[in-house]
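Visitor:
Numbering (this note's numbering), first residue to last: 21 to 643.
Here it is in C-alpha cells:
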C-alpha cells in the first residue's frame with residue numbers, strides 16, 4: 021500500500037450507495053429514477069413505481085394503476101408539509117391575569133405543581149385532595165398555549181407512509197437516527213457483501229466511519245425535547261442530550277449497524293458536511309491508513325422551530341413570496357425550490373444518504389461493485405468576511421482546484437466535453453448570482469463552452485449535511501441510465517444569472533455514458549464552508565484500473581464482480597417486493613475486555629477474522 025499520493029496511490033472506489041431521501045430508496049438508483057421517471061423506459065418506470073409503492077406501504081407487488089401512480093407522484097419530493105399541521109403550530113402567548121379589589125382569580129392546581137414563586141401570593145386551602153382550588157388577588161403572569169399558521173408550508177419530505185422507526189426497535193430514537201439505521205443498512209447491503217464479509221476482509225482498524233450532521237438532532241426525542249419540555253409542562257429525558265449530538269449518526273452506524281471498532285469522526289461543515297467527510301475517507305484510503313470507509317450524513321430539520329428560524333433569517337421560500345412570484349392566490353408547493361430562476365429562498369428537506377469506499381487493490385481482490393470513484397475533494401474557507409451567512413471567495417478556490425485536477429486526470433478535451441456539474445443550487449436570489457458567477461468564470465477560464473449544470477434541490481429540497489450526497493446519488497444514477505435531471509421547476513433563467521459557458525438545463529438531458537467521464541458536486545455552507553468534489557465514472561474508473569493492474573486482472577475482477585452484483589440484485593428485488601428490515605444489532609455481539617487477546621504484536625477480537633497489528637513504526641524516525 022502506498023503511503024502518499026503518487027504513481028501507486030490507491031483509488032477510492034465507490035462500491036455501495038444507499039439511503040433514503042424525498043425521492044425514495046437510494047440504492048439501485050431508485051431515488052434518482054423518481055427524478056427522471058417520465059424519461060425512463062416503461063420497464064424502469066414500473067420498477068420505480070413498485071419500489072415506491074412498497075416503501076410507502078401501498079401494498080403492490082405486480083402492477084400499478086393510474087391512481088397509484090398519481091398518489092406516488094404527489095406524495096414524494098418537495099410538497100406541502102405533512103410532518104406537522106402547518107395551520108396549527110404551537111406558539112406560547114404571554115398573558116397577565118389581573119384581579120380587582122372585590123374579586124379573586126381562581127385556579128385549579130395539583131399539589132406537586134404549585135409554583136414556589138407563587139406560594140406567597142396564593143390562598144391555598146387545607147385539603148387532602150391532590151387537586152386544589154387556589155385563589156389570589158395578585159397579578160399572575162402565564163404562558164397560554166396558542167397556535168399560529170406557519171408562513172412556510174413547503175418541504176422536501178421522505179415519501180408519505182414511510183416510517184423508518186417502525187422497521188426496528190427504535191426506542192425513542194430521534195428521526196434523523198431512525199433514518200440513519202435504515203439508510204446505512206441500505207448502503208452496506210448495496211455493496212453486495214454482508215457485514216461479516218466486509219469486516220473479515222481487513223483488520224478491524226482498517227475500517228472507518230465518518231459522518232456529521234449540520235444541525236444535530238432537533239426533534240422532541242433529542243435537543244428539541246431537552247430545550248422545550250420543561251417549558252411546555254413535560255420532563256426532559258436522560259436520552260435527550262446524548263442522542264442530540266451531531267456526530268451521533270456515525271456513532272449509531274458503529275454501535276448498531278456495522279459493529280466497527282475502527283476510526284470514527286463526526287466532521288461538520290454546514291451544508292458542505294458530506295464532502296468534508298468524503299475528503300476524510302478519500303485521504304484515508306489514498307494514504308493506505310484505511311481500506312474500507314463508510315461515509316454519510318443524516319438530517320431531519322422539517323421541524324416548525326427550524327423552519328421558522330430560517331424564515332425569519334429571510335432564507336426560506338415562504339408561501340407569500342411564492343404566490344407573488346407566480347402572481348397567484350395559491351402557493352405552488354411542488355415548485356417551491358427554483359434554482360437559477362426568479363426565486364425567493366431555499367426549501368428545507370430531510371435525508372440520510374451513505375456511500376461505501378474501498379481501495380482499488382482490495383476491490384479487485386474481492387470483486388466489489390464499481391459505481392465510480394472519488395477523484396478528489398477540495399475544501400477552502402472564505403478568509404475575512406463581512407457576514408457569516410454571506411458567500412466569499414473560498415468556493416472559487418475549491419472549484420478551480422477540482423477543474424484543474426479533472427484536467428490532469430482526464431485531459432483537457434474530456435474536461436471540456438465529458439463532465440457535468442451538480443450545483444449547490446439552493447434556490448435563493450443570492451445563490452443564483454454568486455454560484456453562477458463562479459461556474460461561468462471558471463468555465464471560461466478552462467475553455468468549457470457548454471457545461472451542463474444540474475441542481476437536484478429543485479426536486480429534493482435542501483437537506484443540509486446530506487445535500488452533497490443527494491447530488492452525488494443523482495450523478496451515480498445518471499451514469500447508470502444516461503439521463504441528467506433537468507431543473508424542471510423553472511420556466512426561465514433569471515436575468516442576473518451568469519450563463520456564459522454554461523448550459524443550465526430546464527429539461528432532462530441524455531448523455532453518452534462512454535463520453536461523460538466525470539462529474540462535480542459543489543457545496544457551500546454558512547460560515548465560509550466550501551467544498552467541491554470530483555467524481556469519476558465507472559467507465560473512467562475501469563480504464564484507470566486496467567492501466568494500473570492490466571487487462572487480465574481487471575477481466576478477472578469483472579468475473580468476480582458478477583457474483584457480487586447478483587447478491588445486490590437479490591437484495592434490491594427483495595426490498596422492492598417484500599420490503600426490508602434494517603440492520604440493528606442492539607446488544608448483540610458486544611465485546612467484553614476479557615474477550616480480547618492482546619500480545620506484544622497484535623490484538624485479536626472475537627467476530628473479526630484478522631487481528632489488529634501492533635508493529636508500529638516510529639513516525640519521527642527521521643528526527
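We put the CB at the ideal spot given by N, CA and C, even for glycine. Computed from a predicted structure; not experimentally measured.
1) Using 8 angstroms as the threshold, is the C-beta distance between residue 567 and residue 438 below it?
2) Residue 323 lies in the alpha helix (DSSP H); which residues open and close that run?
3) Between which two residues does the beta strand (DSSP E) holding residue 441 run?
4) Would you tell me roughly how many angstroms separate the C-alpha atoms of residue 617 and residue 632, rounded to the nearest one?
5) Is it the case that the Cβ atoms of residue 142 and residue 130 are separated by a distance below 8 angstroms?
6) Any contact between the stretch 470–487 and the stretch 292–303? By contact I mean 3 or more CB pairs, one from each, below 8 angstroms.
7) Residue 377: which of 417, 316, 413 sits nearest, CA to CA?
8) Buried or exposed: residue 515, going by 16 or more other Cβ atoms within 10 Å of its Cβ?
9) Output needed for residue 22: all residues of its chain with C-beta closer than 8 angstroms, excluding positions within five of it in sequence on either side, in chain order.
10) Measuring only the C-alpha atoms, how far is residue 231 from residue 211?
11) DSSP three-state label for residue 261, please.
12) Skipping 5 residues on each side, what residues in its chain have a beta carbon closer than 8 angstroms to that of residue 417?
13) So, using beta-carbon positions, are residue 503 and residue 530 closer together than 8 angstroms?
14) Relative to the C-alpha of residue 13, which candidate in 198, 522, 191 has its C-alpha closest?
15) Within the continuous beta strand (DSSP E) that includes residue 113, where are the two ends?
16) Grab the span of the beta strand (DSSP E) containing residue 637 for me, first residue to last.
17) Under three-state DSSP, which class holds residue 497?
18) So, is residue 128 buried or exposed, given that buried needs 16 or more other C-beta atoms within 10 angstroms?
19) What separation, rounded to the nearest whole angstrom, lies between the Cα atoms of residue 163 and residue 126?
20) Any chance the stretch 211–221 sits against the stretch 260–267, with 3 or more Cβ pairs inside 8 angstroms?
21) Within this structure, are the beta carbons of residue 38 and residue 499 separated by less than 8 angstroms?
22) Does residue 577 come within less than 8 angstroms of chain B when only Cβ atoms are used?
23) Using CA coordinates, which residue listed in 555, 574, 271 is at the minimum distance from residue 201?
24) Quick one: is residue 571 buried, meaning 16 or more other Cβ sit within 10 Å of its Cβ, or exposed?
25) What residue range does the beta strand (DSSP E) around residue 645 cover?
26) How is residue 238 classed by DSSP in three states: helix, strand or coil?
27) Just confirm the distance between the C-beta atoms of residue 33 and residue 393, as a whole number of angstroms; I'd bet it's less than 8 angstroms.
28) Does the beta-carbon of residue 555 have 16 or more other beta-carbons within 10 angstroms, so that it is buried, or is it exposed?
29) Considering only C-alpha positions, which residue in the set 365, 41, 273, 526 is nearest to residue 452?
30) Where does residue 529 fall in DSSP's three states?
31) Less than 8 angstroms between the C-beta atoms of residue 481 and residue 367, yes or no?
32) Tell me which residues share the same chain as residue 569 and place their Cβ nearer than 7 angstroms to its Cβ, disregarding the 5 neighbours each side in the sequence.
33) How many whole angstroms separate the CB atoms of residue 9 and residue 605, which I take to be in contact at a CB cut-off of 8 angstroms?
34) Please report the straight-line C-alpha distance between residue 137 and residue 161, rounded to a whole angstrom.
35) With DSSP run on the structure shown, which of helix, strand or coil describes residue 502?
36) How about residue 542 and residue 470: are their beta carbons less than 8 angstroms apart?
Guide: Based on what the coordinates show:
1) Against the chain shown, residue 567 aligns to sequence position 547. Against the chain shown, residue 438 aligns to sequence position 418. No. Outside cutoff.
2) Residue 323 sits at position 303 when you count from the first residue of the chain shown. Unbroken run through residue 323: none, as it is neither H nor E.
3) Residue numbering aside, residue 441 sits at position 421 when the chain shown is read from its first letter. Residues 439–442.
4) Start at 1 with the first residue of the chain shown, and residue 617 comes out as number 597. Start at 1 with the first residue of the chain shown, and residue 632 comes out as number 612. Their backbone Cα atoms lie some 10 angstroms apart in a straight line.
5) For the purposes of this step, residue 142 is identified with residue 122 of the chain shown, where counting begins at 1. For the purposes of this step, residue 130 is identified with residue 110 of the chain shown, where counting begins at 1. No, the pair does not count as a contact, with Cβ atoms beyond the cut-off.
6) yes
7) On the chain shown, residue 377 is found 357 positions in, with the first residue counted as 1. The residue with the shortest Cα to Cα distance from residue 377 is 316.
8) What you label residue 515 is simply residue 495 of the chain shown in a count that begins at 1. By the neighbour-count rule (16 or more Cβ atoms within 10 Å), residue 515 is not buried but exposed.
9) Taking the first residue of the chain shown as position 1, residue 22 is located at position 2. Reliability of the predicted coordinates at residue 22 is poor, the pLDDT of 38 falling under 50, and the value obtained from them is presented with this limitation in mind. 28, 29, 30, 306, 307, 308.
10) Taking the first residue of the chain shown as position 1, residue 231 is located at position 211. Taking the first residue of the chain shown as position 1, residue 211 is located at position 191. So the alpha carbons of these two residues sit roughly 19 angstroms apart.
11) Taking the first residue of the chain shown as position 1, residue 261 is located at position 241. Correct three-state label for residue 261: helix.
12) Here residue 417 corresponds to residue number 397 of the chain shown, with the count starting at 1. If we look at residue 417 and ignore the five residues flanking it on each side, its Cβ neighbours are 398, 400, 550.
13) As a working note, residue 503 is residue 483 in the chain shown. As a working note, residue 530 is residue 510 in the chain shown. Cβ distance < 8 angstroms, so residue 503 and residue 530 count as in contact.
14) Because the chain here runs from 21 to 643, residue 13 falls outside it and cannot be looked at.
15) Your numbering for residue 113 matches position 93 in the chain shown. 113–117 is the span of the beta strand (DSSP E), which, as asked, contains residue 113.
16) As a working mapping, residue 637 is identified with position 617 in the chain shown. Neither: residue 637 is in no beta strand (DSSP E) and is coded neither H nor E.
17) Within the chain shown, numbered from 1, the residue matching residue 497 stands at position 477. Reduced to three states, the DSSP call for residue 497 is helix.
18) The count along the chain shown starts at 1 and reaches residue 128 at position 108. That one is exposed.
19) Locating residue 163 in the chain shown gives position 143, where the first residue counts as 1. Locating residue 126 in the chain shown gives position 106, where the first residue counts as 1. For residue 163 and residue 126, the distance between alpha carbons rounds to 16 angstroms.
20) no
21) As a working note, residue 38 is residue 18 in the chain shown. As a working note, residue 499 is residue 479 in the chain shown. No. Outside cutoff.
22) Any reference to chain B falls outside this structure, which holds one protein chain only.
23) On the chain shown, residue 201 is found 181 positions in, with the first residue counted as 1. Checking every option, the nearest Cα to that of residue 201 belongs to 271.
24) The sequence position of residue 571 within the chain shown is 551, counting from 1. Counting Cβ neighbours within 10 Å, residue 571 comes out exposed, since fewer than 16 surround it.
25) In this structure the chain extends from 21 to 643, so residue 645 is not present and cannot be described.
26) Position 218 of the chain shown, counted from the first residue, corresponds to residue 238. Note: residue 238 maps to coil in three-state DSSP.
27) The residue labelled residue 33 in the question sits at position 13 within the chain shown. The residue labelled residue 393 in the question sits at position 373 within the chain shown. So it is a contact: roughly 5 angstroms between Cβ atoms.
28) For the purposes of this step, residue 555 is taken as residue 535 along the chain shown, with counting starting at 1. Label assigned to residue 555: buried.
29) The sequence position of residue 452 within the chain shown is 432, counting from 1. Of the listed residues, the one whose Cα sits closest to residue 452 is 365.
30) Reading the chain shown from its first residue, position 509 is the one you call residue 529. If DSSP states are grouped into helix, strand and coil, residue 529 belongs with the strands.
31) Residue numbering aside, residue 481 sits at position 461 when the chain shown is read from its first letter. Residue numbering aside, residue 367 sits at position 347 when the chain shown is read from its first letter. Cβ distance < 8 angstroms, so residue 481 and residue 367 count as in contact.
32) Translated into the one-based positions of the chain shown, residue 569 becomes position 549. Hits under 7 angstroms: 384.
33) The first residue shown for the chain is 21 and the last is 643, placing residue 9 beyond what the model contains.
34) One-based indexing of the chain shown puts residue 137 at position 117. One-based indexing of the chain shown puts residue 161 at position 141. Each residue's alpha carbon lies about 11 angstroms from the other.
35) Looking up residue 502 in the chain shown gives position 482. The answer is coil: DSSP assigns residue 502 none of H, G, I, E or B.
36) In the chain shown, residue 542 corresponds to position 522, counting from 1. In the chain shown, residue 470 corresponds to position 450, counting from 1. The answer is no: Cβ separation not under 8 angstroms.
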